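Participant: Residue numbers (full-length UniProt numbering): 1 to 427. Backbone N, C-alpha and C define an ideal beta-carbon position, used for all residues, glycine too. Predicted model only: the values in this text are computed from it and were never measured.
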Amino acid sequence: MPKKPLRPPAPPESGPNGPLLGTWQAAGLSMAVIASAAADGLGALLGAVTVIPVIYALTRLRAYAPHARSTAELIGATLGPRAGFAAGAIQLLAYLALAARFAVALGAVVLVDFSSGDDPAKVVLWLPACALVAALAVGAVVCWVTTRVVASVVTLLVVAGLLVYVYLAVAVTARVAAGSDAVVIGTAATPSQLSGQLVGFGLGMVGVELVTARAARIARPGRSMSLAVAVVIGAAVILWVGDHQGVAGPWRWNAKFLTEAVPEFYADAGWTWMAVAGVALTAAAALASGWAAVRVAAGLAAAREATPNTGPRVAVVGLVAAMAATVSAHGMRGIATVVFGAAALLLILLYVFATEANSRIPGDSLVAWWVRLIVPALAVVLVVKPVVDAHFAVVEVATVIATMLGACAASVAASLSRAPRVVAKSE
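1) Below 8 Å on the Cβ atoms is my contact criterion, and I expect residue 224 with residue 30 to pass it. Report the Cβ-Cβ distance as a whole number of Å.
2) Assess, as a yes-or-no matter, whether the stretch 362-380 is touched by the stretch 99-109 under the definition of 3 or more beta carbon pairs within less than 8 Å.
3) Are there 16 or more other CB atoms within 10 angstroms of the CB of residue 162, so buried, or fewer, so exposed?
4) Cα-Cα, which of 153, 386, 316, 95 is closest to residue 209?
5) Can you find the residues in the same chain that come closer than 7 Å, C-beta to C-beta, to residue 103, ignoring five residues on each side of it along the sequence?
6) Near residue 238, what residues of its chain come up, given a Cβ to Cβ distance below 6 Å and the 5 sequence neighbours on each side ignored?
7) What is the C-beta distance between residue 64 and residue 401, in whole angstroms, given that I count them as a contact (C-beta under 8 Å)?
8) Out of 115, 55, 155, which has the shortest C-alpha to C-alpha gap to residue 281?
9) Let me know if residue 447 comes out buried or exposed under the rule of 16 or more other beta-carbons within 10 Å of its beta-carbon.
10) In whole angstroms, what is the alpha-carbon distance linking residue 365 and residue 359?
11) Figure out for me which residue from 262, 66, 87 has the closest Cα to the Cα of residue 409.
12) Could you give the residue range of the alpha helix (DSSP H) that holds residue 386?
13) Could you spell out where the alpha helix (DSSP H) holding residue 404 opens and where it closes?
14) Return the bridge partner residues of residue 21 from the DSSP annotation.
15) Report yes or no: do the stretch 325-333 and the stretch 386-406 share at least 3 C-beta pairs separated by less than 8 Å?
16) Along the chain, which unbroken stretches of the alpha helix (DSSP H) at least 4 residues long are found entirely within the stretch 59-109?
17) Rank 201, 403, 416, 412 by C-alpha distance to the C-alpha of residue 41 and give the top, closest one.
18) Taking just the CA atoms, how far does residue 356 sit from residue 173?
19) What's the gap between the Cα of residue 301 and the Cα of residue 265?
20) Which residue marks the beginning of the alpha helix (DSSP H) containing residue 326, and which one marks its end?
21) Quick check on this structure: which residue in 292, 126, 111 has the alpha carbon closest to the alpha carbon of residue 142?
22) Can you tell me whether residue 244 is buried or exposed? The criterion is at least 16 other CB atoms within 10 Å of its CB, across all chains shown.
23) Give a yes or no on whether the minimum CB-CB distance between residue 282 and chain C is below 9 Å.
24) What are the boundary residues of the alpha helix (DSSP H) that includes residue 122?
25) Please state if the CB of residue 61 and the CB of residue 77 are separated by a distance shorter than 9 Å.
26) Find out if the Cβ-Cβ distance for the pair residue 51, residue 279 is shorter than 9 Å.
27) Is residue 242 near residue 185, with beta carbons less than 9 Å apart?
28) By how many angstroms is the C-alpha of residue 79 removed from the C-alpha of residue 414?
29) Can you tell me where the alpha helix (DSSP H) with residue 253 in it begins and where it stops?
30) Can you tell me whether DSSP reads residue 248 as helix, strand or coil?
31) CA-CA distance, residue 127 and residue 328?
32) What did DSSP end up calling residue 184 once you bin it into helix, strand or coil?
33) Taking the Cβ atom as the reference point for each residue, do residue 183 and residue 267 lie within a distance shorter than 9 Å?
34) How about residue 368 and residue 236: do their beta carbons lie closer than 9 Å?
35) Is the distance from the Cβ of residue 459 to the Cβ of residue 219 below 9 Å?
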């Protein structure tokens, strides 16, 4: 019979090195990397299905190991320090790719907004330079600005960006309800099949666990992650309604056409507000993912009993900048697809670690055992389905191989690591 569930102790008022982050500040960090799922419409619910069991597992692990300083230590609390280190290394590899991806996105958004009217063929040649500058700028901020300030700025940016999108969706819905005709977009007339979008929806919210990279600074990580998912789902439903009201066509699972409909209704003002929201959300995602990559690297260095210094942080920023400049170069689209796809699959592997660690908590839990079965099954589907649907295309197979190589590298690093220290300074 299942025993009484764990009850987390009341969180302290401050962490080892200052006040704990509030619920909204921590939620802002999580929201930043999953905000793009708001464009998935009802598909955001499928994304939530993937991450809700992980949030449950990490919440129980935090209750079991309240003094754990990172995701790796939460997992290592039951699976052992080497398994925890391997999970942390997998997390670092994924966050490096995520940070590079959002740096490229930020560079692209800024480049497009400030080069309207120029020759697109010439503009795109500047993307690697813009991505490099964006990565270095974000790296400078997350390396030498406190976690509390980064979280506050990210929260303001992501909330502002989502509010703009929600406002525009409501405005479009109200305008059509008042008698305006829906916009006709040619590609919207093609019915979309759910099967082809399942994997994209399932991976839409990976990264929500980002706040646990500095678990010691988060008062209630489970509440913050749940709040982030709830806010994004709410925004996704509103955007989905706006998309279907504003764009003529058959049933669609996502809200991808809203960005094309808004300028049709509001002309230049619509373009301006969409650009503002895009820059805000992309900057928030770049800051949050860069912050997480730097903090995970610092945590792994502490686990290896390395002397605290700025070396790991500078190395992370350099790697992210190099990756961003490389994958955004002309002719590197296939490589970028493989790298970013592998990052998502590595996070799914991290979730398997988390649910397995959760199942090892003393005290039988029926829910924990179901989670232990469901998450690995979801992981298999998310890995196998794209490969089968693409008929074993080179890019899809290469993504799986890259994921396996990343997992092997993490395992080797864990086997060579020393036992982690008991106490480490938290930011």
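Facilitator: Taking the structure as given:
1) Approximately 6 Å separates the beta-carbon atoms of residue 224 and residue 30; this is inside 8 Å, confirming the contact.
2) The stretch 99-109 vs the stretch 362-380: no contact.
3) buried
4) Checking every option, the nearest Cα to that of residue 209 belongs to 95.
5) The residues are 131, 134, 135, 138, 286, 320, 324.
6) 166, 169
7) With 8 Å as the limit, residue 64 and residue 401 do not qualify as a contact, their Cβ atoms being about 35 Å apart.
8) 155
9) Residue 447 falls outside the range modelled here, since the chain spans only 1 to 427, and no answer is possible.
10) Their backbone Cα atoms lie some 8 Å apart in a straight line.
11) Nearest of 262, 66, 87 to residue 409, Cα basis: 87.
12) 366-389
13) 394-416
14) Under the DSSP definition of a beta bridge, residue 21 partners with 218.
15) no
16) 71-79
17) 201
18) Taking the straight line from one Cα to the other gives about 45 Å.
19) 52 Å
20) 311-327
21) 292
22) Buried: at least 16 other Cβ atoms inside 10 Å.
23) Although the question refers to chain C, the structure presented lacks it and comprises just one protein chain.
24) 120-123
25) Yes, the Cβ-Cβ distance between residue 77 and residue 61 is below 9 Å.
26) no
27) Not a contact, by the Cβ cut-off of 9 Å.
28) 13 Å
29) That residue, residue 253, is in no alpha helix (DSSP H); it is neither H nor E in DSSP.
30) strand
31) Going by C-alpha positions, residue 127 is about 6 Å away from residue 328.
32) strand
33) no
34) no
35) What the structure shows of the chain is the stretch from 1 to 427, and residue 459 is not part of that stretch, so it cannot be assessed.
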